[in-house]
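In the UniProt record's numbering, the protein residues as written are 1 to 515.
In this text, a Cβ means the ideal position worked out from N, Cα and C, and glycines have one as well.
Note that the structure is predicted; figures quoted are calculated from it, not measured.
Let me begin by presenting the structure, written as structure tokens, before commenting on it.
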Amino acid sequence: MPGVSARGLSHEERRQLAVNLTRVLALYRSILDAYIIEFFTDNLWGTLPCSWQEALDGLEPPQLATLLLGMPREGEVARYSSVWPLTLLALKSTACALAFTRTPGFQTPSEFLENPSQSSRLTAPFRKHVRPKKQHEIRRLGELVKKLSDLTGCTQVVDVGSGQGHLSRFMALGLGLTVKSIEGDQRLVERAQRLDQELLQALEKEERRNPQVRSGPRHCPHHVVRWVDPTALCEELLRPLEKPARGGARLLLTGLHACGDLSAALLRHFCCCPEVVALASVGCCYMKLSDPGGYPLSQWVAGLPGHTLPYRLREGACHALEEYAVRLQKAGPGLRTHCYRAALETVIRRAQPELRRPGVQGIPRVHELKIEEYVQRGLQRVGLDPQLPLNLAALQAHQAQENRVVAFFSLALLLAPLVETLILLDRLLYLQEHGFHAELLPIFSPELSPKSEEAGAPPSAVGLSLRVQEAPGKVMRSHVCALRSQLQRLPAASFTPGPSSVPTRSKLPAQRNPG
């Protein structure tokens, strides 16, 4: 899907893009604010212009992927069976034109062609216990951190919100970096330490079998149990593992899926702490951002009318448009889940009107169930009588509108990247307001590493930043990455979160990454 590259925009063009985004999001707020599970209870289809309804009604999922989302199959030519209204075409064009591109500017051969569960770019010991998506992510981000480390002469990498330590382990034992791993969950840290030792033993065993691959001494990551407060400076992030032989410590901060406010915290640490020479951060879970504090960060965005992003909009930005387009092209039965859940909501409202949008624990193999079977299981999961009398005719009428539900959800997904773009753009502008040049580029494959609908993991977003004394920042071509270099030294002062604050040395925030 085409989009705009942040790299090619001047500071003023970025500011104007923020203005345009807030205006467009305000214009289509009714679509973004809607909950798909209220499709029937709130008559969401009826909220669309009649001309849109006529254009979208009856389209099959593959047609929605091709015509609406602009993601045809390879070699497919988009063919419209009717003339679409200009307003709908304008929405599609605007969504494509204003969103940051999530596709790399270069093509790399797939690392999962031979085996969909094993990256060909990682050796077997580094793949163990790591899901394919995470294999892709730790390799791409780890190699990028290594390049940044070499470029900036950093003495230590700090992996914040490290979870089970997959990234830290790859950087330390695979790339030879000195790594401090910070995680707030004691259990995850203990598991990470066990996995460190298991990997170390596997590597040593491999070296004994094949002396030619023997490398220098290996050092596991240094793990620290610490919950990073998103409202205060974390001294542990800045404490070196050992005193450098000469000069001061030069730290590189990184975080893979830096959850919610943790991404904002890493940016603030970078801005106010001169010992942090580089940053490579992958944000996620936008719905967990505090407002204010996590968004907006920049004075510019905070001053724009309509800049606020309610929970629903931020949650929608965590969905992977590319991944859903693939599902549409396959037209699998799993697409009916939203329709079933929306039908269940009508039954819940009739039985207990005050119960709205309750969480329904995962119902397995939804696509194999009749709609009434799904509703009965859903009622049980929300604490209602599964034997409630059901209006089968009404449920079947809802099921007949499955493609309409899919079409409305596709409309919302078409707009969701604009929300993510505004969040990322706000971070770029924040860095620029504090004297740094910043860039944002794609680093992960959006198909291999889509946002998780449950956890909100990002598809391809990596924030990369450099602190260079006199030279402008060099942009590292990778998946979504933001890169910055210092243009002026910031004063050291106390830090107070908020869009108008100047980050400094005193108390800075950070929050744990769930991964």
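key: Same chain, Cβ closer than 6 Å to THR178, five either side skipped, listed in chain order   = GLN156
For HIS367, three-class secondary structure by DSSP = helix
query = Roughly how many whole angstroms lie between the Cα atoms of CYS259 and LEU392?
reply = 43 Å
message = Assuming the contact rule is C-beta atoms closer than 8 Å, SER119 and PRO132 should be a hit. Round their C-beta distance to whole Å, please.
response = 7 Å
Counterpart residues of GLN156 in DSSP-defined beta bridges = LEU251
ask   = With burial defined as no fewer than 16 other Cβ atoms inside 10 Å of the residue's Cβ, what is the status of ARG356: buried or exposed?
value = exposed
ask   = Which ranges does the alpha helix (DSSP H) cover as unbroken runs of at least 4 residues, wholly within the segment 41–100, from first to last along the chain?
value = 50–56 and 86–98
inquiry  = Considering only their Cβ atoms, is the gap separating CYS339 from GLN401 smaller than 8 Å?
reply    = In contact: GLN401 and CYS339 (Cβ atoms closer than 8 Å).
query = Between LEU59 and PRO442, what straight-line distance do the alpha-carbon atoms span, to the nearest angstrom?
reply = 32 Å
task = State the Cα-Cα distance for the pair CYS271 and LEU279, rounded to the nearest angstrom.
result = 10 Å
request  = Find the nearest neighbour of THR66 within the set GLU54, ALA55, TYR80 and GLN53, judged by alpha-carbon distance.
outcome  = Closest by alpha carbon: TYR80.
key: Cβ contact (3+ pairs, closer than 8 Å) linking the segment 21–33 and the segment 295–315   = yes
ask   = Is the Cβ-Cβ distance between ARG327 and GLY334 less than 8 Å?
value = yes
Of the listed residues PRO353, GLY294 and GLY142, nearest to SER162 (C-alpha basis) = GLY142
ask   = Are VAL277 and LEU251 close, meaning C-beta to C-beta below 8 Å?
value = yes
ask   = Any idea what DSSP makes of HIS222, helix, strand or coil?
value = strand
message = Looking at the strands, I want to know which residues DSSP matches up with PRO358.
response = According to DSSP, which records beta bridges pairwise, PRO358 is partnered with nothing at all.
Own chain partners of LEU203 with C-beta closer than 7 Å, once the 5 adjacent residues on each side are dropped = PRO125, LEU173 and ARG218
ask   = Three or more beta-carbon pairs under 8 Å between the segment 414–426 and the segment 89–98, yes or no?
value = yes
query = Does the distance from the C-beta atom of THR47 to that of SER30 stay below 8 Å?
reply = Contact: yes.
key: Endpoints, beta strand (DSSP E) assigned at GLY316   = Taken as a continuous stretch (DSSP letters only), GLY316 belongs to no beta strand (DSSP E), being part of the alpha helix (DSSP H) at 311–316.
message = Does the structure place the segment 186–194 close enough to the segment 311–318 that three or more beta carbon pairs sit under 8 Å?
response = no
ask   = In the structure shown, what three-state DSSP assignment does ALA190 receive?
value = Position check: residue 190 holds Glu in this sequence, whereas Ala was assumed. Helix, per DSSP.
ask   = For the beta strand (DSSP E) that CYS285 lies in, which residues bound it at each end?
value = Element bounds for CYS285: n/a, residue is neither H nor E.
query = Comparing alpha-carbon positions, which option in LEU411, PRO240, GLY303 and PRO292 lies nearest HIS222?
reply = Ranked by Cα distance from HIS222, the options LEU411, PRO240, GLY303 and PRO292 are led by PRO240.
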